[in-house]
Structures are given as structure tokens and as C-alpha cells.
Amino acid sequence: MNKPIIQVQHLTKTYRVPEKLPGLGASVRSLFKPQYRDVEAVRDISFEVHSGEMVGLIGPNGAGKTTTLKMLSGLLYPTSGQATVAGFTPWERHTNYLRRISMVMGNRSAMNWDIPPMDSFRVLSQIYRVPEKTYLHILDELIALMDMEALMKKPVRNLSLGERMKCELVAGLLYQPDILFLDEPTLGLDVAMQRRIRQFLKSYNTDHAVTVILTSHYMADVTALCPRVMLIHHGRLVFDGKLQSLAEKLAPFKLIKLQFSTPVIDFENYLQQFPDVESLPRQDEHYSLRVARSEVAKVTAQLLSQLPIADLSVEDPPIEAVIDQIYEVGSV
Amino acid sequence: MNHRGGWALIKNTWQSWLQHRGFFFLLAFGWMLPLLVYMLVWSAAAGEGSLEGFSQETLAGYYLILILSNQLTYPITNWTVGDNIRIGQISRWLIQPMSPLYHALSAEIAGKVVFMVFSIPVTGLLALLIHPTVDINITNVILFLPALLFAWVLRFFWGYWLALLAFWATRADSLLALQDTFIFLLGGHLAPIHLLPDWLQPIARLLPFRYMSAFPVEILTGQVTGQETLLGFIALTIWLTLAILLYRFVWQRGIRHYEAVGG
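Those protein sequence lines, which keep their order, are chains D and C.
Position one of the first sequence corresponds to residue 1 (the working numbering), numbered consecutively onward.
Position one of the second sequence corresponds to residue 1001 (the working numbering), numbered consecutively onward.
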């Protein structure tokens, strides 16, 4: 495999946060003797990302996802640790580095709100020194991909959240960066717009082979886009691998859903013979069984041969349920 | 250096600011008022005669030029630097391959044009009404222009490094208010430097505030001798160098301290 484009070693960021008890008295006291508390936002994270990869950075609120992206994009100096991205140390903010990366934040705008997107795009093309011909070509491509011709002449403040997000993405891609840091790119968007943005990111990644690290709270983003996920919890990297293997590791069972052609009397009793099968609450005529992965084939075969089955399917548990479990427990 | 990006930003800021020109015109009007008030006060004091060499007409000339030079040197963007740091807005500038200083400078240059669209006609009209006397010669004009430019750069960088203290103290803009107060007292606003008490005049000539505001006007209106002009330029250059060094020092340390809040 080619050399990794992103290498992160033992990255740690500790914030010093002023702390104050509620009330006026405490405010006065904090004026003379401020209290601080150290918050370890990111603790000793190490990973590598290869060129062209799309990686999902997931974790609950406050886990350290955004702080990690901010360090990689050069906005924050780490407290300790190393990172090399495309041969540069991000927080040195070398001009040639900044030209190659893009950080798109779902809740922070890169656009000037008083003027139409077209004008902001032009300024960005000048700042990034994109030749005029290339700029027009890229812009045409992005506008077509995003279907946003109609938005180009309205002031940004008059755009909807979804429309603005399209603009943010275009603004972030105008200069053809190699590396994209996307922080919640679908935040607050409706389902149709989320899907559209996802499709766009997927086809953009395929066409341009950009490296992407994406954070999102919508698992649909991650399952649709990222074959690999990194899970951060309380600032620590607790899982790094295929999304599928995260599910397997965490949920070592599958769901068998079945329906009978004629009613089966005493089905619960029948199930007693399988020690690794658990019956879930029935919905009308639909039965759900939780079965250990290793037993799925055997149980399915036996059910099919012994009972009047009208319909049977084997499914993975929903990824949200799996992730929720980690957020609760805090480890994999 | 990224002049191409900087020039594009200036044009953009113009467009953006012209959307709110009513606000900027009112701001410019607000800045004129105290100076007009002091012009009237000193004119009344001078009466029909003269006050330390100032007549009503020369005072009017001094203050009308000061109104324009004050607006041309006033670094309005310094007030937003602290806010941008506090709410994390400079994040979007930090990830661009261009010094964030360009954003401030472009707003400055764009702003001067917007203010002058309002202030030049208004002071012109006032000049027609109150008949000021200004003894302008070509040497003074030639010396006035660099003095005005340096005054702006000094006032801008002095305020900028103070505003950058927001990296540590989230409400550093109170220091900007203090700077404005010093300019008001010692920068020729409350009174021309010549009218200050004798013990205060050398202090005013030593500190940077005169060079941020009154010095170019004193040159243009012929209040300073050749030697005083030379000494003034030397002081101005020293303060300017110091302001730029302080800006670089504070910026380089502040950026390491930046917490990029939000988002």
C-alpha cells in the first residue's frame, strides 16, 4: 500500500477552562482568584490514513472529534504529540499546506452573508490563486453536481440551511484540495438534502480520489460513505477499523425474522432446544430471534426444515443500536 | 504575500459594506460631532481675537481637516478583532493560505472609501458655511501625505496588537476604548497640542497618540516648523516600528494559545 497521507502519533490536547460557581458572589471571587480546570479533549490518539480513503470519525458529543479535526487542519496547537499531513505539520500552517486541505464545518460559515455566493466564490478563487479558466470549469462542475444554479445570485443570508451547506461545500472544494476535513456536513439538514450531500461526497471522492475525514452524528452518513470508522470516546480512540467489524465485535449476534404460513403452537417451547437463541417481542405475526453469529446457519436450516415458514430473513442489528451501546458503556 | 487575494477581499468588503452604508454614514457622523463641539468651544474662547496664535478661522480649518484625518486613520476593524477571536470566527481565516491581517486591512481600506463618501461632502458643506482659513503650501501637502499614511498604519497596528490580547483575556477591547481616550486627550482632539497646558505638551509630543491623529493636520496647517516636523517623523517611525514588532510578537504567541471555540 502507498505511504499514508495522514500520520498521527500520540496527539493530545488539553484545554484550560475557567470555572466558576453560579451566583454573583462567586463571580466576584473569580475576579480576584480565577479557578481553572484542565479538560483533556483528546488523549494520546494515533492513527494513519491513506490517500483516497474516506474515514468516519464518530463519537458522542464532546468526545474530541472536532478538536482532532481542528488540530489536523492547523487551527489548534496540540498539547503534545505529532502529526504529519501531506508532508506538513498542520499547525505550522504553511501556505502550501493550507492550499491542499479544506475544512468544512456544518455550523460555521466560510461565506460572506451579505453578498451572493458567486462573489464569495470568486474571492476564494483569488485567495487560493486558482487560474480563471480552471476556476470556471470547477465551479460549473460543482454547481451541476449540487444542482444549485438558482442560488448563485441570492445573498447568502437569504438561503436556507441546506442551500447554504451546498455553498459551504462548493467553497471548500473550489481549489481542488487533496484532503477534506468535514465536520458535521449534514448537520440540521432534512433527509432528502442529507442524501443529496452524501451522493455528492461519494461521487466527488470517486472522481477526484480525495482523502476525507468526516465527523457526523448521523450514522447514515457514515454507513453510506465510510468503509472505515474511528470511534472516539472521552478523547480516546477506542476503535479503528471497518464499520462492519465494529458491528460484529460489538454485536456478536444477528436477527432472524420469520413469519409462518400456518400458526405454530408453542413456538416458545420449541425454541428451548437452542441455547444461543433469544426470542424478541413479537409484532403481529412477525417473530424476531436474536441468534449468535456462529449458530445462524444451523438454526436457520433447522427452522426451515421443521416449521411451516412463509418468510425468513437474516439481518444485522441496526448500527445505531450498536453505536448507542458504546456511547453508553464507553468502551468496545 | 497574497496581494491577489487581498485585492479581491477589498472589492468584496466594499460590496458587503455598501449594503449597510446607512450604518457607516451614521457612524461617521457620530465621530464628527465631538470634534465639531470642540471647534465651537475653542472658537468661542478665541472670540474676535486670537488664542495662542489660533483665530476662529484657523481653528475651524484645523478641526475640519482633523475630522477627515481622524476618519482616515481610525482603525474601525480593531473593534471586531477581539470578537472574532472570542467567538472563534478567525478560524475560517486561519485555514486560508493568506495572512488573516489581510482581512483586517481590506476592511480598513474598504471602510475609508465608504466613510469618505459621506464625510468629504459634509465637511465641504461645513467649510462653505464657516469659512475656515488654512495656509496650505505644496511642501506641507507633500509632507502631509506620508504623515497621514503612517498615522493610519501606527494607529491600526497599535490597536491591532491590543485587540489581539483577546487570545488571553476575552474582553481586551476595553484597551481600545482606553486608546481612544488617550487620542482624545493627547492626540489633538480635545484641543490642538499648542493649546494644551505647558507641562502636558512635551508628554503629548513624546507619546504615540499625537502621531496617530494630530501630527499630519499640524503639518498641513503649518503649525510645526521644519525641525519639529523632522523630530515628529522620527518619533512616528519609532512608534510605528514598535507597534509592528508588538503585533508580530503578540500574534505569534496568541495563535498558539488560540482555542478555536465553537464548531
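Every residue, glycine too, gets a C-beta built ideally from N, C-alpha and C.
Small disclaimer: the values here were computed from a predicted structure and weren't measured.
Counting the other CB atoms within 10 Å of its CB gives Trp1042 of chain C a total of 16 or more, which places it among the buried residues. The secondary-structure analysis by DSSP pairs Thr84 of chain D across a beta bridge with D:Gln7.
Comparing C-alpha distances from Glu315 of chain D to each of D:Asn107, D:Met230, D:Ser261, D:Ala297 shows the shortest one belongs to D:Ala297. For Gln126 of chain D, the neighbours in chain C by C-beta distance under 7 Å run, in chain order, Arg1004, Gly1005, Ala1008.
The beta-carbon of Arg1256 of chain C is placed less than 8 Å from the nearest beta-carbon of chain D. For Tyr77 of chain D, the C-beta contacts it makes with chain C under 9 Å involve Ile1255, Arg1256, His1257, Tyr1258, in order along the chain. Residues of the same chain with a CB within less than 7 Å of the CB of Val1217 of chain C, apart from the 5 flanking positions on each side, are Tyr1062, Ile1065, Leu1066, Ser1069, Gly1188 in chain order. Between Leu75 of chain D and Ala1260 of chain C, the C-beta gap is smaller than 8 Å, which places the two residues in contact.
If one requires a minimum length of 4 residues, the alpha helix (DSSP H) runs lying completely within the region 211 to 270 of chain D are 219 to 225, 243 to 250, in chain order. Along the region 1083 to 1101 of chain C, the positions whose C-beta sits under 7 Å from a C-beta of chain D are Ser1091, Arg1092, Leu1094, Ile1095, Gln1096, Pro1097, Met1098, read in chain order.
Spanning the alpha carbons of Met193 of chain D and Met148 of chain D requires a straight line of approximately 12 Å. Rounded to the nearest whole angstrom, the C-alpha separation of Pro1202 of chain C and Ile1136 of chain C is 26 Å. Taking 8 Å as the upper bound for CB-CB distance, Asp183 of chain D and Ser1016 of chain C are not in contact here, some 25 Å apart. In summary, the residues of the region 1011 to 1045 of chain C whose CB is separated from some CB of chain D by less than 7 Å are Asn1012, Gln1015, Ser1016, Gln1019, in the order they occur in the chain. Secondary structure of His50 of chain D (DSSP, three-state): strand. Here the C-alpha atom of Ser125 of chain D lies approximately 29 Å from the C-alpha atom of Gln7 of chain D. In the three-state DSSP reduction, Glu1052 of chain C falls in the coil class, being neither helix nor strand. By the C-beta density criterion, Ser216 of chain D is buried, having at least 16 other C-beta atoms within 10 angstroms.
Apart from sequence neighbours up to five positions away, the residues of its chain that approach Val130 of chain D with a beta-carbon distance below 6 Å are Tyr175, ordered along the chain. Put simply, the backbone Cα of Ala144 of chain D is about 11 Å away from that of Lys166 of chain D. DSSP places Lys13 of chain D in the strand class (E or B) of the three-state scheme. Excluding sequence positions up to five before and after Gly1053 of chain C, its CB lies less than 6 Å from no other CB in the same chain. Distances from the CA of Arg43 of chain D to each of D:Gly59, D:Ser73, D:Thr12 were compared; the closest alpha carbon is that of D:Thr12. Straight through space, the alpha carbons of Ala1204 of chain C and Leu161 of chain D are spaced by roughly 53 Å. Runs of the beta strand (DSSP E) lying entirely within the region 164 to 198 of chain D, each at least 3 residues long, are 179 to 183 in chain order. For a cut-off of 8 Å, the C-beta gap from Ile127 of chain D to Met1098 of chain C is around 5 Å, short enough to register as a contact. Identification of chain C residues near Met103 of chain D by a Cβ-Cβ cut-off of 7 Å yields Ile1095, ordered along the chain. The C-alpha of Leu1207 of chain C is placed about 9 Å away from the C-alpha of Ala1235 of chain C. The continuous stretches of alpha helix (DSSP H) do not include Gln272 of chain D, and DSSP gives it neither H nor E. Secondary structure of Ser1119 of chain C (DSSP, three-state): helix.
Cα atoms of Gln302 of chain D and Leu258 of chain D: separation of roughly 13 Å, rounded to the nearest angstrom. It is roughly 22 Å from the alpha-carbon of Met146 of chain D to the alpha-carbon of Met219 of chain D.
With respect to the 8 Å criterion, Ala1104 of chain C and Gln1071 of chain C are not classified as neighbours on the basis of their beta carbons. Around the C-beta of Ile1076 of chain C, 16 or more other C-beta atoms lie within 10 Å, and the residue is accordingly described as buried.
The three-state reading of DSSP puts Ser305 of chain D in helix, counting H, G and I together. Sequence-distant Cβ neighbours of Asn1084 of chain C in its own chain, meaning closer than 6 Å and more than five residues away, are Ile1090.
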